[in-house]
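Asks: In my numbering, the protein residues as written are 195 to 424.
For each residue, glycine too, the CB sits at the ideal point set by N, CA and C.
These numbers come from a predicted model, not from an experiment.
Have a look at this one before I ask anything.
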């Protein structure tokens with residue numbers, strides 16, 4: 195007595211052949227696929243054709259964007275991607291369609307800044323994120339990192355570090371902002387920072403003392419540069 199009738203055997207054989215063909219096709223795709231497949235650039239006007247489903251469409255675009263977070267369509271230099279390229283435009287469109295969608299702001303700016311070195315795009319996107327989420331210290335602190343290390347804009351970094359500290363970041367953010375201000379000779383800015391800490395009433399006398407001592411030491415060195423060199 196046969197375990198399977200003729201029809202069942204034919205179905206099993208057909209299924210096996212299909213699996214083999216699928217496996218072969220996938221193998222060919224893997225070997226013949228080009229190293230870089232340029233992602234499709236979604237036009238900005240796409241948001242006007244979502245028929246009341248902007249946030250759902252933004253979710254789909256986000257799922258598409260994260261698959262190519264490290265994609266750079268054109269390099270301006272060995273370590274610099276073209277300004278405001280594909281990833282920037284995708285993130286900008288997603289956040290236009292879903293302004294309250296936090297995740298793109300939380301990680302998109304760093305992807306632009308660190309992964310593909312789109313400094314200009316990252317700057318614009320961080321500014322957009324800080325404007326949209328001014329009380330989210332994590333987003334603000336990432337914008338401060340970008341301002342300090344990529345833009346080389348210390349006054350901007352100091353302002354963002356101070357803003358992040360006021361919104362709940364670790365207290366050493368105040369110390370870092372104060373140190374940057376003192377190192378750059380912006381003593382008035384450093385003193386304003388002390389006033390901000392006093393007004394916030396954090397109840398940390400050691401923090402205030404450290405800030406004051408650093409500014410006073412810098413002022414003494416500025417008044418007696420000859421002594422500061424020894």
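Who are the near neighbours of residue 270 in its chain, counting only those whose CB is closer than 6 Å to its CB and skipping five residues on each side?
Replies: Numbered from its first residue, the chain shown carries residue 270 at position 76. Closer than 6 Å at Cβ, skipping near neighbours: 276.
Asks: By a C-beta neighbour count over all protein chains shown, 10 Å radius and 16 as the cutoff for buried, is residue 408 buried or exposed?
Replies: Here residue 408 refers to the residue found at position 214 of the chain shown. Under this definition residue 408 is a buried residue.
Asks: Considering just the uninterrupted stretch of the alpha helix (DSSP H) at residue 404, what are its terminal residues?
Replies: For the purposes of this step, residue 404 is taken as residue 210 along the chain shown, with counting starting at 1. Unbroken alpha helix (DSSP H) run through residue 404: 399-417.
Asks: So what does DSSP say about residue 270, is it helix, strand or coil?
Replies: Working through the chain shown from its first residue, we reach residue 270 at position 76. Reduced to three states, the DSSP call for residue 270 is strand.
Asks: Flag residue 263 as yes when its Cβ comes closer than 7 Å to any non-hydrogen atom of the ligand MN, and as no otherwise.
Replies: This structure does not include the ligand MN; it has no bound ligands of any sort.
Asks: Give me the Cβ distance between residue 288 and residue 255, rounded to the nearest whole Å; I'm assuming they're in contact under 8 Å.
Replies: Counting from one through the chain shown, the residue named residue 288 turns up at place 94. Counting from one through the chain shown, the residue named residue 255 turns up at place 61. About 5 Å separates the two Cβ atoms, so the contact holds.
Asks: Does DSSP put residue 227 in a helix, in a strand, or in coil?
Replies: Your numbering for residue 227 matches position 33 in the chain shown. Confidence at residue 227 is low in this model, with a pLDDT of 46, below 50, so its placement is unreliable and no value can be given for it.
Asks: Buried or exposed for residue 298, going by 16 or more other Cβ atoms inside 10 Å?
Replies: The residue you call residue 298 lines up with position 104 of the chain shown. When all chains shown are included, residue 298 counts as buried.
Asks: Spatial neighbours of residue 404 within its chain, please: CB distance less than 7 Å, with the 5 preceding and 5 following residues excluded, ordered by chain position.
Replies: Taking the chain shown and counting its residues from 1, the one referred to as residue 404 is at position 210. These residues qualify, in order along the chain: 369.
Asks: Out of 286, 250, 304, point me to the one whose CA is closest to residue 264's CA.
Replies: Residue mapping note: residue 264 aligns to position 70 of the chain shown, counting from 1. Comparing Cα-Cα distances from residue 264 to each of 286, 250, 304, the minimum goes to 304.
Asks: Restricting to Cα atoms, I'd like to know which of 292, 411, 281 is closest to residue 311.
Replies: Taking the chain shown and counting its residues from 1, one reaches residue 311 at position 117. The alpha carbon of residue 311 has as its nearest neighbour, out of 292, 411, 281, the alpha carbon of 281.
Asks: Starting from residue 374, follow the alpha helix (DSSP H) in both directions and report where the run begins and ends.
Replies: For this step, residue 374 is matched to residue 180 along the chain shown. Residues 366-377.
Asks: Over the uninterrupted alpha helix (DSSP H) stretch that includes residue 325, give me the two end residues.
Replies: Translated into positions along the chain shown, residue 325 becomes position 131. It spans 313-326 - the alpha helix (DSSP H) in which residue 325 sits, taken as one unbroken run.
Asks: Assuming residue 386 is part of the alpha helix (DSSP H), what are its boundary residues?
Replies: Here the question's residue 386 lines up with position 192 in the chain shown. Residues 381-394.
Asks: I need the straight-line Cα distance from residue 317 to residue 340, nearest angstrom please.
Replies: As a working mapping, residue 317 is identified with position 123 in the chain shown. As a working mapping, residue 340 is identified with position 146 in the chain shown. One C-alpha to the other measures close to 7 Å.
Asks: Going by beta carbon distance, what residues of the same chain come within less than 7 Å of residue 350, once the five residues before and after it are set aside?
Replies: In the chain shown, the residue the question calls residue 350 occupies position 156. Excluding residues within five positions, the ones whose Cβ falls inside 7 Å are 341.
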